[in-house]
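Some notes on the structure that comes next.
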Amino acid sequence: MKPLLILFMVLAVHKPVYGQTFLALNGRAVFESKASTETFQGVSPNLVGLVNMTDSTVDFYLDLNTLKTGISLRDRAMRDQYLETKTFPFAEFKGRLRTLFDQTLRVSQPVVAQGLFTVHGVPRPIDVVHARPTRLIWLG
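In structure tokens, the structure reads:
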């Protein structure tokens with residue numbers, strides 16, 4: 012039950028504001044697990060983070076207790092035995108945008124970010140590809 016792929020999907024429709032910081036709400040995290048006996052996906056609608064347009068940095072957190080695979084017994088085993096959410100309750104992605112997007116457009120746009128994904132206390136370098144919009148709030 013080892014998560015092989017985590018996709019953080021973030022972007023939004025918002026007013027054009029350049030050189031600012033945005034709070035991303037209602038993001039969605041999806042993972043796929045491939046084991047010898049089965050393959051399944053898990054989802055959480057509780058991804059939250061910051062996007063700083065001045066230096067192109069991103070920082071996202073996910074409460075791993077909110078991941079759902081569709082089977083509650085599997086969810087409990089994943090949290091207790093593999094993710095150990097009592098000790099490591101959050102996953103984090105911290106990195107930089109590698110592609111820019113036009114803040115004036117009110118449509119979903121492809122975005123790639125590169126950085127460190129930390130789960131179970133272990134950071135790993137990954138590339139993240141945007142796939143679904145969320146809501147960004149300007150923090151000023």
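Numbering (our numbering), first residue to last: 12 to 151.
The beta carbon of each residue, even a glycine, is placed where N, CA and C say it ideally should be.
All values reported here derive from a predicted model rather than from experimental measurement.
Is residue i buried or exposed, if buried means 16 or more other CB atoms sit within 10 Å of its CB?
| i | result |
| --- | --- |
| LEU58 | buried |
Apart from the five residues just before and just after residue i, which ones in its own chain have a Cβ nearer than 6 Å to its Cβ?
| i | result |
| --- | --- |
| PHE112 | GLN120, VAL122 |
If we call anything under 7 Å between Cβ atoms a contact, is residue i one with residue j?
| i | j | result |
| --- | --- | --- |
| LEU73 | ALA40 | yes |
| THR68 | GLU103 | no |
| LEU78 | GLY53 | yes |
Can you find the residues in the same chain that come closer than 7 Å, C-beta to C-beta, to residue i, ignoring five residues on each side of it along the sequence?
| i | result |
| --- | --- |
| GLN125 | GLY106, ARG107, ARG109, ASP138 |
| GLY132 | PHE99 |
Does residue i come out as helix, strand or coil in the three-state DSSP assignment?
| i | result |
| --- | --- |
| ARG135 | strand |
| ARG90 | helix |
| LEU111 | coil |
| THR129 | strand |
| SER44 | strand |
| LEU78 | coil |
| SER67 | coil |
| SER83 | helix |
contact_flag[the segment 119-135, the segment 78-92] where n(CB pairs < 8 Å) is 3 or more: no
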